[in-house]
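Residues in the sequence shown are numbered consecutively from 1, following the working numbering.
Since the structure comes first, as structure tokens, the remarks are kept for the end.
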Amino acid sequence: MIVALEKIVGQNNVLAHGKETSRFTHIWKTDLPLQALAVVFPSSTEELSTVMKLCNQEKQEVIVHGGLTNLVGATQTEKKQLVISLDKMNQIEEIDEKSRTITVQAGVILENAIDAAADKNLLLPLSFGAKGSAQVGGVVSTNAGGLRVFRYGMTRQMVLGLEAVLPDGTIISSLKKIIKDNSGYDLKQLFIGAEGTLGIVTKVVFRLQEKPQSRSSAIVGINDYERVIQMLKHMEKGLAGTLTGFELMWQRTYKAMTQSPSGYTAPLPNHYRYYVFIESLGSDTSNDFNRLETLIGEALELEIVEDGVLAQSERELQSIWKIREDVSVLADQAQYDQHFDISLPIPVIGEEVDRAIEKLEQLDFVEKIFPFGHVADGNIHFIIGKKDNSPEIIEAINAIIYAELAKHKGSVSAEHGIGLDKKAYLSTSRTANEIALMGLLKKTLDPKGILNPGRIISL
Ligand SMILES: Cc1cc2nc3c(=O)[nH]c(=O)nc-3n(C[C@H](O)[C@H](O)[C@H](O)COP(=O)(O)OP(=O)(O)OC[C@H]3O[C@@H](n4cnc5c(N)ncnc54)[C@H](O)[C@@H]3O)c2cc1C
Numbered sequence: 001m002i003v004a005l006e007k008i009v010g011q012n013n014v015l016a017h018g019k020e021t022s023r024f025t026h027i028w029k030t031d032l033p034l035q036a037l038a039v040v041f042p043s044s045t046e047e048l049s050t051v052m053k054l055c056n057q058e059k060q061e062v063i064v065h066g067g068l069t070n071l072v073g074a075t076q077t078e079k080k081q082l083v084i085s086l087d088k089m090n091q092i093e094e095i096d097e098k099s100r101t102i103t104v105q106a107g108v109i110l111e112n113a114i115d116a117a118a119d120k121n122l123l124l125p126l127s128f129g130a131k132g133s134a135q136v137g138g139v140v141s142t143n144a145g146g147l148r149v150f151r152y153g154m155t156r157q158m159v160l161g162l163e164a165v166l167p168d169g170t171i172i173s174s175l176k177k178i179i180k181d182n183s184g185y186d187l188k189q190l191f192i193g194a195e196g197t198l199g200i201v202t203k204v205v206f207r208l209q210e211k212p213q214s215r216s217s218a219i220v221g222i223n224d225y226e227r228v229i230q231m232l233k234h235m236e237k238g239l240a241g242t243l244t245g246f247e248l249m250w251q252r253t254y255k256a257m258t259q260s261p262s263g264y265t266a267p268l269p270n271h272y273r274y275y276v277f278i279e280s281l282g283s284d285t286s287n288d289f290n291r292l293e294t295l296i297g298e299a300l301e302l303e304i305v306e307d308g309v310l311a312q313s314e315r316e317l318q319s320i321w322k323i324r325e326d327v328s329v330l331a332d333q334a335q336y337d338q339h340f341d342i343s344l345p346i347p348v349i350g351e352e353v354d355r356a357i358e359k360l361e362q363l364d365f366v367e368k369i370f371p372f373g374h375v376a377d378g379n380i381h382f383i384i385g386k387k388d389n390s391p392e393i394i395e396a397i398n399a400i401i402y403a404e405l406a407k408h409k410g411s412v413s414a415e416h417g418i419g420l421d422k423k424a425y426l427s428t429s430r431t432a433n434e435i436a437l438m439g440l441l442k443k444t445l446d447p448k449g450i451l452n453p454g455r456i457i458s459l
């Protein structure tokens, strides 16, 4: 197998015979050496297609590695499995300013694509903490969300064209730049959010937006969850389509971020129950700032918010958003941590988070509970710090967080995906028939079960 692989991609593009352990299984907070048969680095779609034809013929299991930033164990491997890394397919192929598109290979780091678009005064509106490591192929395969979903949608909404290699090596290429295309099934959707279980994404055409000329921000303190919802409505009405961020942080999370050991500069005192980070992207610097200032003033007068600060400079703006963007540093405050990204209808989030905190505080192995999230999207994250990482403890914490999801028709994963870690809970947000249809699709496209086996569902 190794010799055959070397013939396809060249000796320099295969790590085997112990050299594969020079890479990590899953870089996010682990430094365990990779366990795998080998790591293969194809340089083109055609090479990847030939590799997959061989793997299909040999029934060789394959795990796809992008930037390895997923939080659901999706890139874990076993010794018998082959890793395909997209690291070497990292070219930005084209920026078409007239069509407002960027065409990139799957191994391009997301931030490089964002920067390349920005150089042409265009915006690729994806933004999240791992953008400096996540690859476009991973981002598309997890249908990533982030901080601006409220205005621009998930990754899915930005993909116009896509190329993928099926488990049997067939290349499915539709690198179109058009917005409307109802000519039959929209096949690219099969691969977006499929976590690499149905095909390997090799190229993507993203739709770009005009780069906003102004960015205004504020942070407000609120004491009652109902008022958080009122504030969302107030901002949406007042900012007429330019509201791009409305991020909620619970007091305990804000305190932890602005006190030692995190020590980020606190723009507001830490005695409010909720903190909302607000962002508006527009086209008129002074008018946009004035509009936001007026709206915050009105919210204070109407007693929707208790307190508020507007960023008066780019430095202040960066300093405020750092508190939100760097929140994952809180995972370092305990020996072990567990991450959640659930979806719930916006009106029940306040009571549901209170319920979860109350129950979690009764578990003596839970040390830290940090809720925060994209409340305008109905998406809440928890970072939970704990003393132990046994399966019983993981399950006890999961049981509390997921307890009311089915009742509220929520989701066990708003954006991170299912991977291996959340598989047991898929049925809390999907019906048996839906899961059966997922299985049918998987069997149809990957009858030998060689591509990312065991992710999302087991056959
Ligand atoms: C600090 C931090 C903050 C984060 N914030 C957010 C956030 O706000 N929103 C959000 O949605 N996510 C967030 N994430 C999760 C993560 O960054 C995303 O899921 C990201 O999109 C994964 O990209 P990746 O290249 O690292 O993929 P990987 O971790 O390498 O892979 C993820 C999955 O995609 C598959 N895959 C990778 N490349 C391909 C490909 N080319 N073709 C087919 N399958 C492939 C893998 O097999 C795996 O199943 C965060 C993660 C961290 C560490």
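C-beta: ideal position from N, C-alpha, C; glycine also.
None of these values were measured; they are calculated from a predicted model.
When the five nearest sequence neighbours on each side are left out, the beta carbons in the same chain lying within less than 8 Å of the beta carbon of L187 are those of I172 and S174, in order along the chain. Short note on H271: C-beta not closer than 7 Å to any heavy atom of ligand 1. The beta carbon of E361 sits closer than 8 Å to the beta carbons of I369 from its chain, once the five residues preceding and following it are set aside; these are given in chain order. For Y264, there is no enclosing beta strand (DSSP E), as DSSP marks it with neither H nor E. Relative to ligand 1, even the nearest heavy atom lies 7 Å or more away from the CB of N90. Annotation for V220: the continuous beta strand (DSSP E) segment containing it runs S214 to I222. Separation of the CB atoms of V39 and N452 is rounded to 15 Å, and the pair is thereby denied contact status at 8 Å.
In the DSSP assignment, V205 falls within the unbroken beta strand (DSSP E) covering I200 to R207.
DSSP, read as helix, strand or coil, puts K59 in coil. Boundaries of the beta strand (DSSP E) harbouring K386: N379 to K386, taken from the DSSP string. Residues of the same chain with a CB within less than 6 Å of the CB of F372, apart from the 5 flanking positions on each side, are M249, T253, V327 and H381 in chain order. A Cβ-Cβ contact shorter than 8 Å links L5 with V51. Look at Q338 here: in three-state DSSP terms it is strand. Taking a contact as a CB-CB distance under 8 Å, the pair I435 and S427 counts as one, their CB atoms being some 7 Å apart. Under the three-state reduction of DSSP output, K19 falls in the helix class.
Inclusion of V159 and V140 in the CB contact set at 8 Å is warranted, their separation being smaller than that value. No heavy atom of ligand 1 is found nearer than 7 Å to the CB of T265.
Between the stretch 116-132 and the stretch 206-215, the count of Cβ pairs shorter than 8 Å is three or higher; the stretches touch.
Restricting attention to beta strand (DSSP E) runs no shorter than 3 residues, the stretch 148-179 encloses them at 159-165 and 171-174, ordered along the chain. Cβ contact annotation for S133 (same chain, cutoff 6 Å, sequence separation greater than five): G67 and T69, in chain order. Taking 8 Å as the cut-off, the Cβ atoms of Y274 and I222 count as close. Taking non-hydrogen atoms of ligand 1 into account, the C-beta of F128 is found less than 7 Å away from one of them. The Cβ neighbour count for N433, taken over all protein chains shown within 10 Å, is under 16; the residue is labelled exposed.
Less than 8 Å divides the Cβ of D377 from the Cβ of V149. Look at D119 here: in three-state DSSP terms it is helix.
One thing to note: I178 has its Cβ no nearer than 8 Å to the Cβ of P347. The beta strand (DSSP E) runs lying completely inside the stretch 93-143 and spanning 3 residues or more are 101-105, given in chain order.
Listed as beta-bridge partners of K368 by DSSP are G385.
Using a Cβ-Cβ distance cut-off of 8 Å, the stretch 230-247 and the stretch 191-207 are not in contact, since fewer than three pairs of beta carbons, one from each stretch, lie closer than that value. Counted as a single uninterrupted DSSP element, the alpha helix (DSSP H) harbouring G439 occupies residues A432 to L445.
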